[in-house]
Amino acid sequence: MKQKSEHPTRQKILQVGAQLVRQKGFNNTGLQEILRAAGVPKGSFYFYFQNKEEFGLALIDVYNQFFLTEMQRIMSDKNMSGLTRLRNFFHFTKEMFSAENFTGGCPLGNLALEMGDIHPLFAQKISDSFQQMESYIQECLVDAQKAGEIPARLDAGQVAYFILNGWEGALVRMKVERSLKSLDTLEDVVFNHILKQ
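Heads up, the sequence shown is in the numbering used here, so the first residue is 205 and it goes up one at a time.
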């Protein structure tokens, strides 16, 4: 018998909910709206989730499953140099957000802005996700240093922290400006100034 966490109905509620929350925000998305869009009765929701907060925490896992998996695929490919992998990450995200007409942004960043101040469990879980993202960036930077692609004097951990923070901020600006200018600018500063030999 399947665990509750693997049940198709639960997965459907989460997939539909993930899209709606990314578009409208967590607090602006009602349970009835999610259930109607998923085509499941209210009782199904409470069979899989105790409340909306538990559902929200499960959403973070859904976002991680997609984004961290893609990030790991791109940034852990040792057949490419560290610098190339980091560039590929920027290109992947720009293509993805362009295809979405610059809407949605980073779902983890959105949830952090909306829930980070008021819900410690959300804040901790999102912080853990950010640290994982940061570690992928740092791994690329360390490999790039070993290969002589970027200056050895740089603190790879500090630069990874800066890049992730800049990337999250650029996504916020991208949403309101409906353009890649903020991501393009960040990419230029990172590769042509900070990491330049």
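Glycine residues also receive a C-beta, built at the ideal position from the N, C-alpha and C atoms.
Between which two residues does the alpha helix (DSSP H) holding residue i run?
| i | result |
| --- | --- |
| K385 | K385 to V393 |
| L358 | Neither: L358 is in no alpha helix (DSSP H) and is coded neither H nor E. |
| D321 | Counting along the chain, D321 falls outside any alpha helix (DSSP H), and DSSP gives it neither H nor E. |
| Q223 | P212 to K228 |
Could you give the distance in angstroms between the alpha-carbon of residue i and the alpha-carbon of residue j?
| i | j | result |
| --- | --- | --- |
| S309 | R289 | Looking at the sequence shown, residue 309 is not Ser but Gly. If you take the alpha carbons of G309 and R289, they lie about 21 Å apart. |
| M205 | N232 | A caution first: M205 carries a pLDDT of 36, below 50, which makes its placement in the model too unreliable to give a value. |
| A241 | I354 | 48 Å |
| N314 | L325 | 15 Å |
| P311 | S302 | 16 Å |
| A222 | M378 | 20 Å |
| A360 | Y340 | 11 Å |
| K256 | G352 | 49 Å |
| E274 | F293 | 9 Å |
| T213 | I264 | 18 Å |
| R277 | S333 | 16 Å |
| A327 | M279 | 25 Å |
| K228 | V376 | 14 Å |
| G234 | A364 | 36 Å |
| G243 | Q236 | 10 Å |
Looking at the structure shown, is residue i part of a helix, part of a strand, or coil, going by DSSP?
| i | result |
| --- | --- |
| E353 | coil |
| M284 | coil |
| G308 | coil |
| H397 | helix |
| T233 | coil |
| F253 | coil |
| V376 | helix |
| G247 | helix |
| R382 | coil |
Take residue i as the anchor and find which of the options has the nearest alpha-carbon.
| i | options | result |
| --- | --- | --- |
| R357 | Y340, L399, T273 and Q336 | L399 |
| Q362 | E372, R377, Q342 and M378 | Q342 |
| A374 | Q336, K298 and Q401 | K298 |
| N396 | R291, L239 and M300 | R291 |
| H211 | S248, F230, I238 and L239 | S248 |
| M337 | L239, Y267, K228 and K246 | Y267 |
| V225 | A316, F296 and I278 | A316 |
| D281 | Q401, C344 and V394 | C344 |
| I330 | E372, P245, H295 and F296 | E372 |
For residue i, decide whether its Cβ has a neighbour in chain C, counting only Cβ atoms nearer than 8 Å.
| i | result |
| --- | --- |
| Q276 | Absence of chain C from the displayed structure is noted, only one protein chain being present. |
- Message: Taking contact to mean 3 or more Cβ pairs, one atom from each stretch, closer than 8 Å, check whether the segment 293-311 and the segment 378-393 are in contact.
- Response: Yes, the segment 293-311 is in contact with the segment 378-393.
- Message: So, does the segment 354-373 touch the segment 250-261, judging by three or more C-beta pairs under 8 Å?
- Response: No: the two stretches stay apart, fewer than three of their Cβ pairs being nearer than 8 Å.
- Does the segment 241-252 come within contact of the segment 211-228, defined as at least 3 CB pairs closer than 8 Å? Short answer: they touch.
- On the three-pair Cβ rule with 8 Å, is the segment 267-286 touching the segment 344-352? Enough Cβ pairs lie closer than 8 Å, so yes.
- Query: Is it true that the segment 386-394 meets the segment 316-331, where meeting means three or more beta-carbon pairs spaced less than 8 Å apart?
  - Reply: Not touching, per the Cβ criterion.
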